[in-house]
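Novice: 0 is the number of the first residue of the sequence shown in numbering that gives the first Met the number 0; add one for each residue after it. Pasting in a structure now, in structure tokens, and then I'll have a few things to ask.
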Amino acid sequence: MERLWFEDGSIVLQAGDMQYRVHQSTLTMRSPIFKDMLSLLRSANAEVVDGCPLMHLSDPEVEVTPFLKALFDPQFFLPFPARTNFVAVFACLRLGHKYQVDYLRRRGLVHLSSMFRTTLAEWDGSDFRNTNSNLLPSAIITWPIPDDITYIICSIQLAREVDALWVLPDAFYSLATYFDQLGWNIFRGVVYEGIHAELSDQDKQTFVKGLNKQIAYSAFIIRFLTQQPDIEGCTSQKRCLKLRFRVVEHARELIRVDTRIPLQIWGPEDWVLLEELCPTCLAALKHWHEKDRQTLWDGLPEMYGLPPWNELEQMKSAAIGADLLY
């Protein structure tokens with residue numbers, strides 16, 4: 000569909016400088032809000048374009064175009080796990096919510112939630128589904144991470160607007176991760192491909208408090224290296240302990256450089272430094288490390304002023320349901 004201009008359309012919508020000639024019957028069938036708006040338009044002296052009444056929308060063109068495409072082209076915004084992009088997700092979810100197009104709202108929630116996770120296991124295992132991937136549904140992200148990271152601020156604003164609070168812990172964590180790159184834009188507002196977004200004053204305050212707590216967790220995540228000098232079952236205590244303490248300086252450098260990413264601060268490439276530990280010590284350290292990462296994840300909602308994960312999961316289930324594939 001190159002342009003939303005149907006020759007047999009019965010209404011012209013205008014958003015910004017863009018006009019769309021579409022079918023009133025489709026709008027009224029899928030949106031009770033449009034149904035009410037069109038009934039009011041018929042009773043007024045509306046402007047006319049090509050013999051059709053003209054209705055001005057207050058929404059920006061960047062959102063209206065993908066939203067209307069989703070309404071009139073069934074192949075444009077397919078359900079999970081089909082691939083999409085952030086602008087389409089933002090537009091279809093926000094306007095689906097505003098105009099009460101329930102199936103688009105739900106579809107948008109599923110796509111948005113594929114990026115922002117509610118469990119650490121899914122957060123660790125999720126990836127964008129490209130044409131060659133063969134991922135389980137629980138691991139699929141349906142849209143690529145944009146190069147312009149201001150999309151995170153757009154996501155937080157959107158989640159607040161549509162009451163998708165379960166998205167926010169991961170989104171705030173991601174925002175803190177990119178604090179250096181975003182800088183004062185976090186507080187001034189951003190424009191992502193024509194989408195204007197700004198955190199509320201409350202969210203700005205919440206973010207600053209949570210950011211400081213997130214930074215403090217980096218040292219907590221690294222403590223597994225020294226928290227228990229003697230490990231029961233160690234087959235080479237002196238050698239293992241010496242190696243662990245030798246790696247501490249490397250860990251301190253990680254904290255200095257990557258202080259805002261506690262969940263990722265110690266990764267697979269860092270475990271290579273400990274591969275000469277005896278199997279018992281290596282297993283113990285991995286267990287402690289993962290336990291502390293889980294502790295951080297469990298506390299993430301509270302860190303950013305949100306309800307606990309179990310309540311957020313209930314909200315998600317009520318909004319989306321169990322079956323993602325429609």
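Yeah, the Cβ is synthetic: ideal placement off N, Cα and C, and Gly gets one too.
Please classify ALA218: does DSSP put it in a helix, a strand, or coil?
Specialist: ALA218 falls in the helix class under three-state DSSP.
Novice: I need the straight-line Cα distance from ILE230 to VAL247, nearest angstrom please.
Specialist: Going from the Cα of ILE230 to the Cα of VAL247 covers about 17 Å.
Novice: Under a three-way DSSP split, which group does ASN131 fall into?
Specialist: For ASN131, the predicted model reports a pLDDT of 48, less than 50, meaning its position is unreliable; a value from the coordinates is still stated below. It is coil, neither helix nor strand.
Novice: Shortest alpha-carbon distance to ALA163 belongs to which of GLN180, ALA318 and GLU6?
Specialist: Per the Cα distances, ALA318.
Novice: Buried or exposed, going by whether 16 or more other CB atoms sit within 10 Å of the CB of TYR102?
Specialist: That one is exposed.
Novice: Below 8 Å on the Cβ atoms is my guess for TYR303 versus THR149; work out the distance and round it to an integer in Å.
Specialist: Their Cβ separation, rounded to whole angstroms, is 19 Å, which puts TYR303 and THR149 out of contact at 8 Å.
Novice: Check whether the Cβ atoms of GLN156 and ALA196 lie closer than 7 Å to each other.
Specialist: A contact, by the Cβ cut-off of 7 Å.
Novice: Among PHE75, ARG251, ALA138 and GLN227, which residue has its Cα nearest to the Cα of LEU240?
Specialist: Considering only alpha carbons, the answer is GLN227.
Novice: Residue range of the alpha helix (DSSP H) that CYS280 falls in?
Specialist: Counting along the chain, the alpha helix (DSSP H) containing CYS280 begins and ends at 278-302.
Novice: Tell me whether GLN156 sits in a helix, a strand or coil according to DSSP, three-state version.
Specialist: Three-state DSSP puts GLN156 in a helix.
Novice: Measure the C-alpha to C-alpha separation of GLY15 and PHE66 and round it to an integer number of angstroms.
Specialist: Rounded to the nearest angstrom, the two C-alpha atoms are 15 Å apart.
Novice: Within 8 Å, do at least three Cβ pairs link the stretch 242-257 to the stretch 272-281?
Specialist: Yes: at least three Cβ pairs fall under 8 Å.
Novice: Among ASN84, PHE85, THR83 and ARG104, which one has its Cα closest to the Cα of ARG93?
Specialist: It is ARG104 whose Cα lies nearest to the Cα of ARG93.
Novice: Rounded to the nearest angstrom, what separates TRP165 and VAL100 at their Cα positions?
Specialist: In a straight line, the C-alpha of TRP165 is about 21 Å away from that of VAL100.
Novice: Per the DSSP calculation, GLN227 is bridged to which residue(s)?
Specialist: Answer is none; GLN227 lacks a bridge partner.
Novice: Considering only their Cβ atoms, is the gap separating PHE178 from ARG259 smaller than 7 Å?
Specialist: Contact: yes.
Novice: For ILE185, name the three-state secondary structure that DSSP assigns.
Specialist: Three-state DSSP puts ILE185 in a helix.
Novice: Would you kindly work out how many angstroms separate the C-alpha atoms of TRP287 and GLN180, rounded to a whole number?
Specialist: Near 32 Å, if we compare the C-alpha coordinates of GLN180 and TRP287.
Novice: Which residues does DSSP pair with TRP4 in a beta bridge?
Specialist: DSSP lists ARG20 as partners of TRP4.
Novice: Looking only at DSSP bridge pairs, what is ILE139 linked to?
Specialist: Bridge partners of ILE139: ASP126.
Novice: If you draw a straight line from the C-alpha of ASN131 to the C-alpha of PRO143, how long is it?
Specialist: Low local confidence applies: a pLDDT of 48 at ASN131 is under 50, so the model's placement there is unreliable, with the coordinate-based value given in what follows. Whole-angstrom Cα-Cα distance: 14 Å.
Novice: Measuring only the C-alpha atoms, how far is GLN213 from TRP183?
Specialist: Roughly 18 Å between the two C-alpha positions.
Novice: Is the beta carbon of THR141 closer than 7 Å to that of GLU312?
Specialist: No. Outside cutoff.
Novice: At the level of alpha carbons, what is the spacing between ASP7 and ILE32?
Specialist: Roughly 23 Å separates the two Cα atoms.
Novice: Tell me whether the stretch 73-90 and the stretch 105-116 touch, counting them as touching only if at least three CB pairs, one residue from each stretch, are closer than 8 Å.
Specialist: The answer is yes - the stretch 105-116 touches the stretch 73-90, with three or more Cβ pairs under 8 Å.
Novice: Alpha carbon to alpha carbon, how far is TRP4 from PRO267?
Specialist: Taking the straight line joining both Cα atoms gives about 53 Å.
Novice: Whole angstroms is fine: what's the gap from GLY124's alpha carbon to VAL21's?
Specialist: Going by the C-alpha atoms only, they are around 42 Å apart.
Novice: Flag this pair as yes or no: are the beta carbons of GLN23 and SER9 separated by less than 7 Å?
Specialist: Against a cut-off of 7 Å, the Cβ pair of SER9 and GLN23 comes out as a contact.
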